[in-house]
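Report on one structure; see the data block that follows.
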Amino acid sequence: MQPITPPLPASSLPVPPRSWRDRIPWPLVFVALGAWVLRAMAFFDRAGPLAYAMDYDEGVYFSAASLLLRGDLPYRDFIFVHPPGALLLWAPGAALTLGLDAATAYGVTRYLAATVGALCVFLAGRVAWRAWGPLAGCVAALAYATHPEAALVERGAFLEPLLNILCLGFANLWLASEPPSRARRIGAGVLLGLAVSVKLPGGLWLISALLARPWKESWRDGLTLALVAFATFVVVVGPLAALAPSEFFRDVITFQALRPSDGEQDRWLRLHEILHERRLGEVVLALVGLGVACVHAFRAPTPSRPAARFFAATFVLTVATFLASRTYWSQYNAHLAASEAVLAGLGASALHAFSLRWGRVASRAVAGLVLVAASLPGAWHVVQGSRQQFLDVVALANHVRTDVPRDACLFAFEPGQALVAGRLPMGATPVVDTYATMIQDAMSTGDRFPDTNEAFAAPEAQQALRVMLGSCRFVILGWQGTWQLTRESMPWFKKHFVRRFPPADTGGVGLWERRDGP
């Protein structure tokens, strides 16, 4: 007869069961499917997936990936201010432009992005399920599924969906066994290297992995992980960087280090966005999980200790990066969802374990409460966000298809608005990212600017912009273009271009044609 294992003290972290009866936790599968519907419902309008609001960044990334497949290389042929991993990983969707209309290809890619988001939901739930049990896994999956910022970017070809799926896949491999097997270390290193090749802050997850276990016990595992990640990064980034090394350094390193500030600059307002009440339940549970991880960080080891330390460190490092960065937009919180949701699972598990002392009824009530808290009010915001329709952009796209010749040069300040019309950036030196291009032009003299508005107003930026505008017959001007044209350049633009659609200049997005003559 085997001895009975004594129960764990109430103060210890919840420990998962020894065996995982189902290799596939079906509750997480159902939550992931629901998450896909929450994301894709934005495309179910009769106008289709392209009627949903298109962000500037997603148009840049998809257009850049499409140009790469056509032989136009980032850094050498056009400015791109991130490592090229995202262009390669979005290549399956961009490859459809080789045989289909660019608008159709992008519509398919939006569904692919929703699928990436659903997989992120499953991976977030899976790592929490294995560490702290089924309740933690379900709460983590629900928290990620209804995270408003994550749902927003997982409707398009952004960086964050790729960054999150790679980082969560890395975490699942790295934390799957103690210590991780050689195959898992190599697989985790490959995923981490790919994550850094998408966006440099992915390297924060390496720091978290090294902090998850005592260095004396795991330095060899950590060294293997770091070397494999570095080798993967070099394999992905090296070929394109080697073709234009100075331009790569200028775009990816210098630009990010010296760029003028943009977005929300007040640190307290940033913190409010990071911990926003639109996902109040998830944030509270995540802070409880962070507190539990900190309290038990230096107590006797338990099987779930590395996971708690890993995600606590990731959460803290990510928040610190957001607060310290020169640029911050609320959509950056989409990457925070990867660690925040898992910590919410830990917090839910800890609250449920504490409620067991009050009896079965109380513990079931707490379990139900944390499940609801993890998904509300975030789900309401996700549904509301899915209703953003830009029908004026669709109308403009239809006009471009019928009235602008296919071989005519079309310049769009927001490449996504040209994508809806089935057009990619054109020219011998295509301008994919006008925002970054103008800032690079402004900084080319060595000047430094306190904010983006001053950079746009620099003579070097406006002169280069006028050259770009003068090289094309048609221009799509919307909010982005109005922002980037100064008070001196706007009269010049209206002198040389006439609005064709819609005829009335009401200030919205419109198609302009260059006037004949001087």
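Numbering follows this note's numbering, with no gaps: position 6 of the sequence shown is 1.
The beta-carbon is built from N, C-alpha and C at its ideal position, and this holds for glycine as well.
Inter-residue spacing [alpha-carbon to alpha-carbon] between residue i and residue j
{"i": "V470", "j": "M485", "result": "13 Å"}
{"i": "F310", "j": "S334", "result": "5 Å"}
{"i": "A369", "j": "G276", "result": "5 Å"}
{"i": "F244", "j": "P129", "result": "46 Å"}
{"i": "I19", "j": "E409", "result": "42 Å"}
{"i": "E272", "j": "V279", "result": "10 Å"}
{"i": "R150", "j": "F75", "result": "22 Å"}
{"i": "T110", "j": "A236", "result": "30 Å"}
{"i": "L147", "j": "D511", "result": "42 Å"}
{"i": "L137", "j": "A145", "result": "12 Å"}
{"i": "V287", "j": "T249", "result": "40 Å"}
{"i": "P255", "j": "W478", "result": "16 Å"}
{"i": "A374", "j": "L28", "result": "14 Å"}
{"i": "A456", "j": "D246", "result": "16 Å"}
{"i": "N448", "j": "P143", "result": "28 Å"}
{"i": "V337", "j": "A308", "result": "12 Å"}
{"i": "T440", "j": "A450", "result": "12 Å"}
{"i": "P420", "j": "V134", "result": "43 Å"}
{"i": "H330", "j": "H491", "result": "43 Å"}
{"i": "L593", "j": "A413", "result": "The question about residue 593 has no answer, for the chain in this structure spans -4 to 513."}
{"i": "P175", "j": "G120", "result": "20 Å"}
{"i": "L366", "j": "H376", "result": "17 Å"}
{"i": "R396", "j": "R482", "result": "31 Å"}
{"i": "A348", "j": "Y56", "result": "45 Å"}
{"i": "R265", "j": "R274", "result": "15 Å"}
{"i": "Y106", "j": "W31", "result": "9 Å"}
Beta-carbon proximity of residue i to residue j, cut-off 8 Å
{"i": "F153", "j": "V427", "result": "no"}
{"i": "V191", "j": "A239", "result": "no"}
{"i": "C54", "j": "G411", "result": "In the sequence under discussion, the amino acid at residue 54 is Gly, which differs from the Cys named in the question. Yes, the pair counts as a contact, with Cβ atoms nearer than the cut-off."}
{"i": "A123", "j": "G363", "result": "no"}
{"i": "L506", "j": "F496", "result": "yes"}
{"i": "A78", "j": "L195", "result": "Here residue 78 is Pro; the residue named in the question, Ala, does not match the sequence. Yes, Cβ-Cβ distance for P78 and L195 is below 8 Å."}
{"i": "P156", "j": "A108", "result": "yes"}
{"i": "L170", "j": "A126", "result": "yes"}
{"i": "V193", "j": "G80", "result": "yes"}
{"i": "M36", "j": "V415", "result": "no"}
{"i": "L199", "j": "G217", "result": "no"}
{"i": "D257", "j": "T313", "result": "no"}
{"i": "G43", "j": "G102", "result": "yes"}
{"i": "R180", "j": "L220", "result": "yes"}
{"i": "A207", "j": "P301", "result": "yes"}
{"i": "R443", "j": "E242", "result": "no"}
{"i": "I269", "j": "F305", "result": "no"}
Simplified DSSP state of residue i, which is helix, strand or coil
{"i": "I269", "result": "helix"}
{"i": "A5", "result": "Confidence in A5 is poor, its pLDDT being 38 and thus under 50, which makes the residue's placement unreliable; the coordinate value appears in the next sentence. If DSSP states are grouped into helix, strand and coil, A5 belongs with coil."}
{"i": "I74", "result": "coil"}
{"i": "P486", "result": "helix"}
{"i": "P240", "result": "helix"}
{"i": "F385", "result": "coil"}
{"i": "D52", "result": "helix"}
{"i": "L371", "result": "coil"}
{"i": "F117", "result": "helix"}
{"i": "P44", "result": "helix"}
{"i": "G66", "result": "coil"}
{"i": "V493", "result": "strand"}
{"i": "L107", "result": "helix"}
{"i": "E277", "result": "helix"}
{"i": "E508", "result": "strand"}
{"i": "G354", "result": "coil"}
{"i": "D257", "result": "strand"}
{"i": "F349", "result": "helix"}
{"i": "T249", "result": "helix"}
Residue i burial status per 10 Å Cβ neighbour count (16 or more: buried)
{"i": "G498", "result": "In the sequence as displayed, the identity of residue 498 is Pro instead of Gly. Classification for P498: exposed."}
{"i": "W85", "result": "buried"}
{"i": "G188", "result": "buried"}
{"i": "Q383", "result": "exposed"}
{"i": "I434", "result": "buried"}
{"i": "N159", "result": "buried"}
{"i": "V504", "result": "buried"}
{"i": "S344", "result": "buried"}
{"i": "L93", "result": "exposed"}
{"i": "D500", "result": "exposed"}
{"i": "G66", "result": "exposed"}
{"i": "D398", "result": "exposed"}
{"i": "P454", "result": "exposed"}
{"i": "N516", "result": "What is shown of the chain runs -4 to 513, which leaves residue 516 out entirely."}
Any chain D beta carbon closer than 8 Å to residue i
{"i": "A59", "result": "You won't find chain D in this structure, because it holds only one protein chain."}
Length-filtered (3 minimum) beta strand (DSSP E) runs lying within the stretch 283 to 331: Within the stretch 283 to 331, there are no complete beta strand (DSSP E) runs of at least 3 residues.
Start-end ranges of the alpha helix (DSSP H) lying completely within the stretch 126 to 203, minimum 4 residues: DSSP runs (the alpha helix (DSSP H)) wholly in the stretch 126 to 203: 129 to 140, 143 to 148, 154 to 169 and 177 to 193.
Can you give, in chain order, each stretch of the alpha helix (DSSP H) that sits fully within the stretch 389 to 476 and has at least 4 residues? If we require 4 residues or more, the alpha helix (DSSP H) runs fully inside the stretch 389 to 476 come out as 410 to 415, 429 to 438, 447 to 452 and 454 to 465.
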